[in-house]
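Residue numbers (the UniProt record's numbering), protein chains in the order written: chain Z, 1 to 439; chain L, 1 to 439.
Built from N, CA and C at the ideal position, the CB exists for glycine as well.
Working notes for the structure below.
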């Protein structure tokens, strides 16, 4: 009987182990998880901080007990894997009391997740918001503060700004880039959401952190100095590969290299989730896309292949969605700035529309930007900021992009129309028509 | 200079004429419209009846004056075309005083719309809800009634039931079919919405109207008799082809036959919108799909071709969406019952999920049913009933179906995830996974 050992009990790890179990009732499956939580959801941390829910167990889709009793997966929480011997196929781990043990594997799945990028300053009022297992403690500390600086205006920074602003905190958001979400959106779309954020938050762009002093209560940037009660650092995440960085092949993104079966350079070792690199379907470059749905599918594919059912993970196009107050903010495919970086010649359209028929109450604003490739007329990127039905529309555009829809094919997608939730020319179609004129 | 004459100023007619104008600044374009409204939206009638808006001018996307002054389209409202001579290329019309005139055309566009199916009973309390131009009068009469029977549990019947129930009326909905929306949804999905409707409305299924007596205040069915204050008949619509039914080729659906360029059997005559027939992309049969977005695109294609820019209308897959109270109800592609009718062997999945992460407040229920073809494993149908993000998801599935996504390709569509508006395994993916198990 094969022994499958999974290191990391997050989305990818639990998907991989569940998939193996489903296809092979006899496999021995062990999952090592360093914290007390499995199948946990870091995406929920800002909403916990906001106080939208209070039970930290809700961070878990399923509990360790569920996996143990229902899926016969030997989940070991609070066990830190401190070394792996890939030649002898041995995983070395320690329990909470640092009691050390080893286990042998036939297949190894590395689902090591990601870790927040750190600043070189320490202090009791310097925080990182990452793992749900530490959310209770983090929230307790943040709720006692009034004036809070957030360093970094990426997705997490914006979500924390929303959460803390909703909680009544006085928020300063300090962002190095030219506009918020500048690694996700083009400037024209980024400005839309930036204008909204500035209504609640003291937003500083093109301003870089130089130093945190006084336990995190003094923020010194290249332009100014701020006295606050505490600082959250949200400057991004990196793949958590310290355990294996000299042992398996890493990709150019810095994450673990994988082939289309989610296999590393070693045939019996797979990787998935935030610690794994994959292909970008548009740029054909290698890419790193640390989002839960990608992690789940990578895990699913790794598990399938380990269990003997061949499956290919096609790669990613970079779908992402976040929100700020009444606006959802989504992106799929490449932004114009990314296309430029890769030398892809594009044309684009950006429109503003409403989410409902002109006579139907409570219509919300929606902005759609589409990007098409000059040579092929294929849609290769989309950005949407709007009050409702943003998710499904970005998903539709993701489907189109993955399958190479041309602009005209996009025009003819038979979208639904209901006055209560759409306009008769859907906002996406309006943007497509603009592209057709540009054609 | 070519003279393009358009008969019918609805969605298709105004799209066609606007497209011609855009491509050909010199064309002479005349639109005849029997009512006072152009680019009008029958889809809005139930919401006007509910009282969600009060200005009947909002039914029009643009006014006749807009088309006349901004687009130089000679829109003639309140002009009834009473005959067309296709040999001499002459349209004969009458004004409000029945003063008759003729006009010659080089190209003719037939956008005649649809008309409600009638019952063979008349009376002051028998109503049809169809054209926005009559909505003010209709609403005034309905608002004075308390107990109202609706005959027909299709999309319009359900929308009227919602509107009148929200308006505080006592509604009896009498439907001949086994369950509501039985021409749209399979029974399993139809029952979901039926259970909801029954909470507000006295719903009678498998019950047929036999007679309306007493001006519409007595409803006699094959099972019972109801005393009401009035009756709305909503038993469907038919293509409005009386003007041309002996003059152009009709399709098997009863609507005007068109080729892929929206041309009728006569080279200089085009048809579009509710009076035109097109191809069903899944069944390969001819079909009739009287919905505004299809009408708009048909008109756009007809106008392009008339103006000399070749364009093909690919056909339809039958996307439709409606709502009842907190539930959106959508369908695209074929239902199981339709697949059966066409001898297409399918397998299906149906799941119930939530619209938000388990920890995010105010999650709503969502039901997804997917239908895949046995031989090809392609997704060919989808039905969704849910509280939010139904539209975009059905649009995504429409895109997948139109492009022939297999179940596995659907699985790998990189959908977005945000706890506030999705689950980490999107409900659509959950349904796809069920299909993969059935595979």
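- Within a 10 Å sphere around the beta-carbon of residue 42 of chain Z sit 16 or more other beta-carbons, which makes this residue buried.
- The Cβ atoms of residue 268 of chain Z and residue 108 of chain Z lie closer than 8 Å to each other.
- Minimum Cα-Cα distance from residue 49 of chain Z among the listed residues L/392, L/412, L/360 corresponds to L/360.
- When L/112, L/226, L/272, L/409 are compared, the shortest CA-CA separation from residue 7 of chain L is found for L/112.
- Listed in chain order, the positions of the segment 382-403 of chain Z with a beta carbon within less than 7 Å of a beta carbon of chain L are 389, 391, 392, 393, 394, 395, 396, 398, 399, 400, 402, 403.
- The segment 261-287 of chain L is shown to contain whole beta strand (DSSP E) runs of 3 or more residues at 269-271, in chain order.
- Beta-bridge annotation (DSSP): residue 350 of chain Z is paired with Z/369.
- The beta carbon of residue 17 of chain L is closer than 6 Å to those of 6, 29, 31, 73 in its chain, skipping five residues each way along the sequence.
- Proximity of residue 143 of chain Z to chain L, defined by a Cβ-Cβ separation below 8 Å, is not satisfied.
- Put simply, the segment 416-430 of chain L does not touch the segment 405-421 of chain Z. Fewer than three CB pairs are less than 8 Å apart.
- Along the segment 291-310 of chain Z, going in chain order, the ones with a CB nearer than 8 Å to a CB of chain L are 291, 292, 293, 294, 296, 297.
- Considering only beta carbons, the part of the segment 342-373 of chain L lying closer than 8 Å to chain Z consists of 357, 358, 359, 360, 361, in chain order.
- Against chain Z, the CB of residue 417 of chain L has a partner CB under 8 Å away; the residue lies at that interface.
- In chain order, 155, 184, 291, 330, 331, 332 place their CB closer than 8 Å to the CB of residue 320 of chain Z, counting only its own chain and leaving out the 5 sequence neighbours on each side.
- Secondary structure note for residue 381 of chain L: its beta strand (DSSP E) is the uninterrupted segment 379-386.
- In the structure shown, residue 295 of chain Z adopts helical secondary structure according to DSSP, grouped into three states.
- Residues 321, 328, 330 of the same chain have their beta carbon placed closer than 7 Å to that of residue 391 of chain Z, with the five preceding and five following residues left out of the count.
- The DSSP-derived three-state label of residue 320 of chain Z is strand.
- Think of a sphere of 8 Å around the beta carbon of residue 425 of chain Z: the chain L residues whose beta carbon falls inside it are 293, 296, in chain order.
- Around the beta-carbon of residue 348 of chain Z, 16 or more other beta-carbon atoms lie within 10 Å, marking it buried.
- Judged by DSSP in its simplified three-state form, residue 47 of chain Z adopts helix.
- The closest CA to that of residue 19 of chain L, considering only L/122, L/37, L/67, is found on L/67.
- When beta bridges are read from the DSSP output, residue 60 of chain Z appears opposite Z/40.
- Within the segment 99-126 of chain Z, not one residue has a Cβ closer than 9 Å to any Cβ of chain L.
- Not a single C-beta of chain Z is nearer than 8 Å to the C-beta of residue 326 of chain L.
- Shown here, residue 337 of chain Z sits in a helix according to DSSP, grouped into three states.
- Listed along the chain, the chain L residues whose CB falls inside 9 Å of the CB of residue 262 of chain Z amount to none; the nearest CB is some 13 Å away.
- Our two residues, residue 129 of chain L and residue 389 of chain L, have alpha carbons roughly 28 Å apart in a direct line.
- Going by C-alpha positions, residue 393 of chain Z is about 44 Å away from residue 82 of chain Z.
- What residue 314 of chain L touches in chain Z, judged by beta-carbon distance under 7 Å, is 412, going in chain order.
- Within the segment 114-190 of chain L, the complete alpha helix (DSSP H) segments of 4 residues or longer fall at 135-143, 155-166, listed in chain order.
- Three or more beta-carbon pairs separated by less than 8 Å are not found between the segment 143-152 of chain Z and the segment 258-266 of chain Z, which leaves the two stretches without contact.
- With a cutoff of 8 Å on beta-carbon distance, residue 150 of chain L and residue 126 of chain L are scored as not near each other.
- Residues of chain L whose Cβ lies closer than 8 Å to the Cβ of residue 405 of chain Z are, in chain order, 399, 403.
- Look at the segment 53-72 of chain Z: the residues with a C-beta under 8 Å from a C-beta of chain L are 53, 55, 58, 59, 61.
- Residue 435 of chain Z and residue 409 of chain Z have their alpha carbons spaced roughly 12 Å apart.
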